[in-house]
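Worksheet: one structure, shown below.
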Amino acid sequence: MTKKRGVLLVNLGTPDSTAVPDVRKYLREFLMDKRVIDIPFFKRWMLINFIIAPLRAPKSAKEYERLFDDKGSPLKYYGFELRDKLRKVVAEEYQIELAMRYQSPSIEEGLSALKNCASIHVIPLFPQYASASTGSVQDKVMEIVKDWQIIPDIKFTSHFFEEELFLETIVDNAKQLMAKTGYDHFLFSYHGIPERQITKGDEANTCQFGSCCDSLTDRNRYCYRAQCYATTRMLAEKLDLKEGEYSVSFQSRLGKTPWIKPYTDVVLEDLAREGKEKVLAFSPSFIADCLETTVEVGETYQEDFIKAGGEQWDLVPSLNAEDKWVECLKEMVENR
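When we follow this note's numbering, the leftmost residue of the sequence shown carries the number 121, and every step to the right adds one.
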């Protein structure tokens with residue numbers, strides 16, 4: 121009997137429930153990751169366990185209450201739907217599993233289910249590469265398999281923002297909204313990361329956090345910020361947007377250290393002051409509904425924009441488990 125080829129889809133993760141203890145447990149696991157908060161272990165442990173988790177968990181629990189529905193966390197149930205749809209369309213030789221970097225189902229569980237496969241292809245579900253997301257998944261996978269007696273061939277997809285069907289799914293979703301509303305501006309909001317995390321990976325010493333991201337080259341091809349700008353350029357071209365009609369920004373910053381700019385909460389106020397009344401927002405660094413898309417961009421930023429003088433703020437839906445996105449993953453599985 122021929123062994124199957126394993127495929128592990130990995131997303132970030134979500135609390136098991138909106139209860140404060142479950143949210144605190146999730147925050148501790150997430151923020152204790154040395155690639156997420158990249159400071160010495162003892163300082164990180166003290167910061168997370170005595171300040172961030174205790175103080176942030178109750179507030180975050182209320183935010184998750186806005187996100188969860190009667191089926192639970194959208195990020196998780198869309199993840200399972202995505203896995204199940206992909207299982208139906210890929211060739212028989214593939215075994216598809218789903219895991220979360222933090223909480224359940226764990227990467228350990230996913231890899232265990234694929235342990236007897238001839239090979240394992242890990243696809244972190246983050247369109248652009250960042251050490252704190254894709255890099256963390258790669259790190260965790262290698263930490264687990266290093267103790268296996270037999271380690272099969274393992275390969276990683278480090279990014280997929282340039283995949284045609286990924287881009288087309290976002291464009292299709294945007295065009296449905298654009299057909300109903302004449303928007304003044306289009307804002308592509310990506311998850312932020314500390315500037316130091318980009319600097320650490322800048323072995324070519326090219327990053328200036330500015331015009332160096334205007335093109336993607338061999339020197340900056342793994343720069344998260346440059347990949348975000350490249351994603352925007354490709355989407356803008358497909359949507360026939362001209363310069364000045366769209367902007368790029370970064371959200372969800374934490375702490376006092378500099379994060380990559382410009383910041384979304386600042387940009388949206390500037391847009392309102394400039395007289396932009398109707399804005400269509402994109403979240404191209406996420407593939408599923410989650411706190412950062414549905415609540416932060418879709419609700420909080422909408423409230424902030426209207427409060428600043430804007431009239432309408434809409435969010436392009438996430439890919440979730442849409443058929444074209446499933447087909448994109450099928451191509452990634454079978455063609456790579």
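Cβ coordinates follow ideal geometry from the N, Cα and C atoms, glycine included. The model shown is predicted, which means the values in this text are computed figures rather than measured ones.
Selected residue, minimal CA-CA separation from Phe281, among Met262, Arg353 and Val436: As a working mapping, residue 281 is identified with position 161 in the sequence shown. Ranking Met262, Arg353 and Val436 by CA distance to the CA of Phe281 puts Arg353 first.
Cβ neighbours of Gly418 in the same chain (closer than 7 Å, five flanking residues each side left out): Your numbering for residue 418 matches position 298 in the sequence shown. The beta carbon of Gly418 is closer than 7 Å to those of Leu435 in its chain, skipping five residues each way along the sequence.
Residues sharing a beta bridge with Lys398, DSSP: On the sequence shown, residue 398 is found 278 positions in, with the first residue counted as 1. Looking at the DSSP assignment, Lys398 forms a beta bridge with Gln432.
Three-state secondary structure assigned by DSSP to Lys376: Within the sequence shown, the letter at position 256 stands for residue 376. Lys376 sits in coil when the DSSP states are folded into three classes, being neither helix nor strand.
Unbroken stretches of the alpha helix (DSSP H), 4 residues or longer, contained in the stretch 125-211: The qualifying runs are 140-151, 161-167, 173-187 and 194-209.
Run of the beta strand (DSSP E) containing Glu442, from where it starts to where it stops: Walking along the sequence shown from the start, residue 442 turns up at place 322. Glu442 -> no beta strand (DSSP E), and no H or E assigned at all.
Endpoints, the beta strand (DSSP E) within which Val242 is located: Translated into the one-based positions of the sequence shown, residue 242 becomes position 122. That run of the beta strand (DSSP E) goes Ser239 to Pro244.
Environment of Phe170 [buried if 16+ CB atoms lie within 10 Å]: Taking the sequence shown and counting its residues from 1, one reaches residue 170 at position 50. Burial call: exposed.
Arg425 - containing alpha helix (DSSP H), residue span: Numbered from 1 along the sequence shown, position 305 holds the residue referred to as residue 425. Per the sequence shown, the amino acid found at residue 425 is Phe instead of Arg. That run of the alpha helix (DSSP H) goes Tyr421 to Lys427.
Beta-carbon proximity check, Leu195 vs Arg176, cutoff 8 Å: For the purposes of this step, residue 195 is identified with residue 75 of the sequence shown, where counting begins at 1. For the purposes of this step, residue 176 is identified with residue 56 of the sequence shown, where counting begins at 1. At the C-beta level, Leu195 and Arg176 stay beyond 8 Å of one another.
Opening and closing residue of the beta strand (DSSP E) in which Tyr310 lies: Stepping through the sequence shown from its first residue, residue 310 is reached at position 190. His305 to His311 is the extent of the beta strand (DSSP E) around Tyr310.
Unbroken alpha helix (DSSP H) run spanning Asp360, endpoints: For the purposes of this step, residue 360 is taken as the residue at position 240 of the sequence shown. Taken as a continuous stretch (DSSP letters only), Asp360 belongs to no alpha helix (DSSP H), as it is neither H nor E.
Ala428 versus Phe308 - alpha carbon distance: On the sequence shown, position 308 is the one that residue 428 refers to. On the sequence shown, position 188 is the one that residue 308 refers to. When rounded, the distance between both Cα atoms is 19 Å.
Whole-Å CB distance - Gln248 paired with Thr351, under 8 Å assumed: For this step, residue 248 is matched to residue 128 along the sequence shown. For this step, residue 351 is matched to residue 231 along the sequence shown. With 8 Å as the limit, Gln248 and Thr351 qualify as a contact, their Cβ atoms being about 6 Å apart.
For Ala173 and Asp409, the rounded distance between their alpha carbons: Your numbering for residue 409 matches position 289 in the sequence shown. Your numbering for residue 173 matches position 53 in the sequence shown. Answer to the nearest angstrom: the Cα atoms are 23 Å apart.
beta-carbon Ala356 near the ligand ADP non-hydrogen atom, thresh 7 Å: With respect to small molecules bound, the structure shown includes none, and the ligand ADP cannot be examined in it.
Burial state of Arg456, where buried means 16 or more other Cβ atoms lie within 10 Å: Translated into positions along the sequence shown, residue 456 becomes position 336. With fewer than 16 other Cβ atoms within 10 Å, it is exposed.
Sufficient close CB pairs (3 or more, under 8 Å) joining the stretch 133-143 to the stretch 259-273: Verdict: no, contact absent.
Extent of the continuous alpha helix (DSSP H) run through Arg393: Locating residue 393 in the sequence shown gives position 273, counting from the first residue. Counting along the chain, the alpha helix (DSSP H) containing Arg393 begins and ends at Thr384 to Arg393.
DSSP bridge partner residues for Tyr214 (one or two, in chain order): Against the sequence shown, residue 214 aligns to sequence position 94. For Tyr214, the pairing in a beta bridge is given by DSSP as Arg125.
Separation of Lys295 from Tyr197, as counted between CA atoms: The residue labelled residue 197 in the question sits at position 77 within the sequence shown. The residue labelled residue 295 in the question sits at position 175 within the sequence shown. In a straight line, the C-alpha of Tyr197 is about 26 Å away from that of Lys295.
Three-state secondary structure (DSSP) of Gln317: Reading the sequence shown from its first residue, position 197 is the one you call residue 317. If DSSP states are grouped into helix, strand and coil, Gln317 belongs with the helices.
Proximity of Leu187 and Leu411 at Cβ, strictly below 8 Å: Translated into positions along the sequence shown, residue 187 becomes position 67. Translated into positions along the sequence shown, residue 411 becomes position 291. In contact: Leu187 and Leu411 (Cβ atoms closer than 8 Å).
Presumed contact (8 Å Cβ cut-off) between Leu355 and Val291, rounded CB distance: By 1-based counting over the sequence shown, the position of residue 355 is 235. By 1-based counting over the sequence shown, the position of residue 291 is 171. Correct: roughly 7 Å between the Cβ atoms.
Alpha carbon of Asn340 to alpha carbon of Arg316, nearest angstrom: Taking the first residue of the sequence shown as position 1, residue 340 is located at position 220. Taking the first residue of the sequence shown as position 1, residue 316 is located at position 196. A straight-line Cα-Cα distance of about 15 Å links Asn340 and Arg316.
Closest by C-alpha distance to Val399, when choosing among Val415, Met262, Thr254 and Phe425: If you number the sequence shown from 1, residue 399 lands on position 279. Ranking the options by Cα distance to Val399, first place goes to Phe425.
Backbone CA spacing between Glu229 and Ala219 [nearest angstrom]: Taking the sequence shown and counting its residues from 1, the one referred to as residue 229 is at position 109. Taking the sequence shown and counting its residues from 1, the one referred to as residue 219 is at position 99. Roughly 7 Å separates the two Cα atoms.
Cβ separation of His279 and Tyr366, assumed to be a contact under 8 Å, to the nearest whole Å: Stepping through the sequence shown from its first residue, residue 279 is reached at position 159. Stepping through the sequence shown from its first residue, residue 366 is reached at position 246. Contact doesn't hold; Cβ gap of about 21 Å is too wide.
Beta-bridge pairing of Asp334 - partner residues as DSSP gives them: Indexing the sequence shown from 1 puts residue 334 at position 214. Answer by DSSP bridge pairing: none, since Asp334 is not bridged.
Secondary structure of Tyr222, DSSP reduced to three states: Along the sequence shown, one-based indexing puts residue 222 at 102. The answer is strand: DSSP assigns Tyr222 an E or B state.
DSSP bridge partner residues for Gln371 (one or two, in chain order): Residue mapping note: residue 371 aligns to position 251 of the sequence shown, counting from 1. DSSP lists His311 as the bridge partner or partners of Gln371.
Leu297 versus Pro404: straight-line alpha-carbon distance, rounded: Along the sequence shown, one-based indexing puts residue 297 at 177. Along the sequence shown, one-based indexing puts residue 404 at 284. Their backbone Cα atoms lie some 16 Å apart in a straight line.
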